[in-house]
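Take a look at the structure:
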């Protein structure tokens, strides 16, 4: 598996260079500008004391997420969804995925009646925007939780985040499973999978799709293994970013 | 695994009663009213000669799908998406899933420049609506392809469908993996997975989500095995339905 | 008038075969799947304790209705109104008509502060969908009222429904007035009329439109007579359906 | 019937004062500002050479109509439909009614491949806006047809308008049938009917609705008679307006 | 500057004939039908006791404005914004401008917790619709304030309007600055400016745009001078209209 | 005027620190990430060969612009316009302003039948977002024009940009005119003005609004002088950025 070299010189099980610019936004309670190679996503976490009306009085918090792409984050310009007056299916789908991924590591009781809205805006897209978004969103979320604790909206001993979460794409190209696909790889992949994994190595989400030929159990296992390894590396990068002074 | 009995008396690896009423609609080129227990989905396939403008002249056909629920298909009435003026994220997501699942077994070159639109309307919902929709949609699709061949829009020897496809939900409840969750089971599941499998037993789509606790590889493997078995049974029911006189 | 035979062999003053499958939905408080020949409409009645805010505290209930067609209920597929993001004029018009027809036989004081929402979804369309919808909706409504009484949301002695209501289309084709037009007749009709009549034979709504040549008083009278007779037959079928055990 | 005097002093079979200001707009090819008492509707007819794409090459013209109310044409201000982003059911319904009424007197073959769009904007509403709109729209339409003939878009001998059309409301108040209801009467009416009648006295549209108690055949006949008489008076006023120099 | 004669015979510093028909609407608390030549705008002011929720309890009132054009107010018919389902940028921009202009002369404390909504509907457009709208809206506003005082919603001594406001367009055509451009002038103007001026001669808004060549300070000064003079004349016409008996 | 010191220590006639990161986007034909202090706007220019259908065959190009804010670019999070399904008035207004500003320095004949779409997305907002957007957009536009020339879509000798353009805000705070207002200053300003000036010092747009008290001619002149000076400094920064190697 190791002899194959990819277009950008990476090994099949190698991530693109990842950078996490924590605290990029001066206004958000938490934020991170994350890059997976040329994919760049600005993640902000907005903390509000209180919850939506339908959740009031239940002693639990609320986490939600929205994903969007700038019109010229891609090779060809896409019309703005605000101009079209409706959100596309792909946008909806990814927003929901990010929200589920984050909620999987949050104890909403410990969060108390507070709301955190995560915004993931893709400034530049080169494949893997949803996985970069999840990985960066966790960093923004962690900082927003810390902010809430500092401002006493969250109890000092409440363990809101009981694990971390990251995500990566994997896929099969010309029969070879590969980690963290760039856009040129993504369009050629026979099978495309996104895995969302906690810091402890458990699955939060597995979404595999046969874009070309259907896949068998052995291929699925290879992809999952690559994905879990990639998420482990991303977890370490998240930890390093969060340990630095903000 | 076999000692546990479910609310409705099923074994953990047992499907709900499945019925496929082929040709339910007098107008559609293909149709099926499918039931997975109390879940009832009307699937129609609309065949049109010609393709959308952006695909014209490429010698390939087009398959797309739309999913929707009647407002009172559920326990509590939901507002109509037409009245709200926008389609929700879940609807979008499932429509896209059904379309991908069907396209995975279609040779669009063999289909020629023809379009088939699949509509899956949930008349009654009791869990597993998307998997029932995919399973019924395949039957409607097969009939629409046969119609197109009869009307000479498709070449007599073209093998448009090179495999069949069906889908089923699986989940972990109180630590036990179970097949084909009814609604009351679905809301209690710690992990929820939908698998879409071809007649030959290959994966088209695997979508597993931790609703409660994240899951590990062993649980994932158990769920996949249950799902593949369930899809095998559904494939046989599809075959029986399609072999009957219409 | 009796010598003319129609395309489907009916006499000019003969209804198509009518079936009313009461209690089709397991979830709705009242429901009926009604057929006028090949026209099939699923009618559900959703009962909620309480009224919209603007009506609160006035001691009166609220009845409203929504009508829609499945995209492939017709010969050619129509785009979904949810996908188009707006409801068409025809849909609006028929929804309002159904609501008015039902409210004409309801004593909203007797209903108390309860809301009943009627949904009429056309599964298959072959002319007369709005009249089948009204006729079936009354059955669903009657069952929802019974449910509300059983659940003690409505007083045991309150007479909520002081009459029944049904509807039928009539039209003039090649100079001959005919009852209950099928689609092939409807498109040829010079004049098209829908009459909504109570069980006691009074008019709730009369909507006559000259599609071709304008019509005179004599023709109008003939149409009204046919319509009143047809509604009388439908009333008897409603009564039979409602007298059966559910 | 003649002893009853109405709030504004009219006899039960008397129209409100009607004025037709023909050619009110400098820009439209035809226009009329019509008043039925305090109800004032600006009707414009926009003539365009050519027809919508779906009608091209069939040798027929196209007539369509749109109705709207200014936000403060009523006693309480209504939100603009443009601001709400959707057109209400009532607006849709009336726009369609006006279009049907006008098309009933137009020979689209004689019109040739030309389009006339009628706009009826209610500047002040005091009951009967839809009937004033139809009556005024006919005048605007007649002038637009004349303009088209003058500009040679329409053949000099083509008889585009083979009849005229007007409309009026009638209703039963406290058991008495009355002509041309003002708003205060309209809200009290047990039965409300709009009749659209050609210059020759034939019906184009009859729309009767029981707002309170259902009505019987005798009441229906009384209303129709009042309506036909009223439309005859309106026809004479249209003729006078159209015979004046523009 | 005085030798140049315009298409309609005016001098460069001359307004078109201005008429203000105060109290045009029977229903609105204040109204004016204003004409600047062939430009005709119906302005209504709707007074409501109370303010939007977000302003409640602050002791201040609220003034807002909406502008729209009838579809055939222009030479070619424009699609209705209600039909398109969205408001265009120009409409939004002008609505906001009118609101700002009026708020500049209103003491919202003195208004108390009352809301006045201004609607400016262009019945006929021939250039300068936004400036006519502002000028007419002030008259409608003044009458609505008087109405509120009469009805005791506003204190008898509260000076709600501490100044008046009017607006006019100016522009440079073939190098010559001109006042109050008609449509044929407007499309030819190199520079187009709208000035909003109080009765005391102070600026509320200055919006100058180079449609053709950019402009210099000297030209800007000439335009401002013309505009201030024009607004002075309009102020006198407003005063005359408001001094007449209503 | 020079003794007053502002919250951030600037002199009244001093710009905030301005940075222009040219070529920030790998995909756009031209791009710049511009900062005016903490205000950061990503400007991209998308070049397409060809023009919209309505402009085809006229030998002229087309420039248009869209402006938007990320939801958490501000102190409090704003709902996304794509989620709300409509674009707000402010967004529309600024998009149109940016488009006009750029078109004022473009010779569309020289551009030929090519389209350039400018996107200005505010990543962080601290006052002056529209002026930063215009200033950055010019840099992105210049690079897109250079790209088009390099790719031979534009003639080698065509002078598409005959001048440069920049913009800055000015305002009066506590009676003192100040340059380039930060957000805390903007909310306190009595008068707020945006000036758009070409490299040669001519006005393209002057938009002054009295937020508090109306202003007089002397104040207007002071603001214009400050604005022209500020734009001169911005022009020099644009030139420096564009002279550097990309």
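Chains as they are written, first to last, in the numbering used here: chain L, 1 to 246; chain H, 247 to 492; chain F, 493 to 738; chain G, 739 to 984; chain A, 985 to 1230; chain X, 1231 to 1476. Beta carbons are placed, not taken as given, at the ideal position from N, Cα and C, and that holds for glycine. Computed from a prediction, not measured in an experiment: that's the story for all the values here.
Does residue i pass the burial test, meaning 16 or more other C-beta atoms within 10 Å, or should it be called exposed?
i                       : result
residue 1445 of chain X : buried
residue 1187 of chain A : buried
residue 662 of chain F  : buried
residue 19 of chain L   : exposed
residue 493 of chain H  : Past the edges of chain H, shown from 247 to 492, lies residue 493 of chain H, and the structure says nothing about it.
residue 117 of chain L  : buried
residue 537 of chain F  : buried
residue 1 of chain L    : Since pLDDT at residue 1 of chain L reaches only 45, below the 50 mark, its modelled position is unreliable, and no value is offered.
residue 1056 of chain A : buried
residue 389 of chain H  : buried
residue 250 of chain L  : The structure shown has nothing for residue 250 of chain L, since chain L only spans 1 to 246.
residue 1469 of chain X : exposed
residue 991 of chain A  : exposed
residue 66 of chain L   : buried
residue 932 of chain G  : buried
Identify which residue in the options has its Cα closest to the Cα of residue i.
i                       : options                        : result
residue 100 of chain L  : H/454, H/475, H/289            : H/454
residue 286 of chain H  : H/309, H/272, H/316            : H/316
residue 471 of chain H  : L/229, L/217, L/222, L/156     : L/217
residue 1293 of chain X : X/1251, X/1336, X/1427, X/1319 : X/1336
residue 691 of chain F  : F/530, F/622, F/604, F/596     : F/596
Between the alpha carbons of residue i and residue j, how many angstroms are there, rounded?
i                       : j                       : result
residue 1282 of chain X : residue 1344 of chain X : 9 Å
residue 523 of chain F  : residue 547 of chain F  : 26 Å
residue 876 of chain G  : residue 578 of chain F  : 30 Å
residue 328 of chain H  : residue 365 of chain H  : 16 Å
residue 1001 of chain A : residue 1019 of chain A : 8 Å
residue 1472 of chain X : residue 1125 of chain A : 52 Å
residue 1068 of chain A : residue 588 of chain F  : 23 Å
residue 279 of chain H  : residue 491 of chain H  : 16 Å
Quick one: is residue i near chain C, going by C-beta distance under 8 Å?
i                      : result
residue 946 of chain G : Reference to chain C is not applicable here, since the protein chains of this structure are L, H, F, G, A and X.
Based on the DSSP output, what are the partners of residue i in its beta bridges?
i                       : result
residue 921 of chain G  : Beta-bridge pairing links residue 921 of chain G to no other residue.
residue 760 of chain G  : G/770
residue 456 of chain H  : H/437
residue 363 of chain H  : H/292, H/310
residue 1199 of chain A : X/1433
residue 166 of chain L  : L/197
residue 1161 of chain A : A/1156
residue 262 of chain H  : Its beta-bridge partners do not exist; DSSP assigns none.
Quick one: which residues of the stretch 1387-1401 of chain X get their C-beta closer than 8 Å to a C-beta of chain A? List them in chain order. 1393
Taking beta-carbon pairs under 8 Å, can you tell me which members of the stretch 999-1030 of chain A lie near chain X? The stretch 999-1030 of chain A vs chain X, Cβ under 8 Å: nothing.
Members of the stretch 1353-1368 of chain X near chain L, C-beta cut-off 9 Å: 1353, 1354, 1355, 1356
So if I threshold CB-CB distances at 9 Å, which residues from the stretch 798-819 of chain G count as touching chain A? 804, 806, 808, 809, 810, 811, 812, 813, 814, 815, 818, 819
Please list, in chain order, the residues of the stretch 1070-1103 of chain A that have any C-beta partner in chain G closer than 7 Å. 1070, 1071, 1101, 1103
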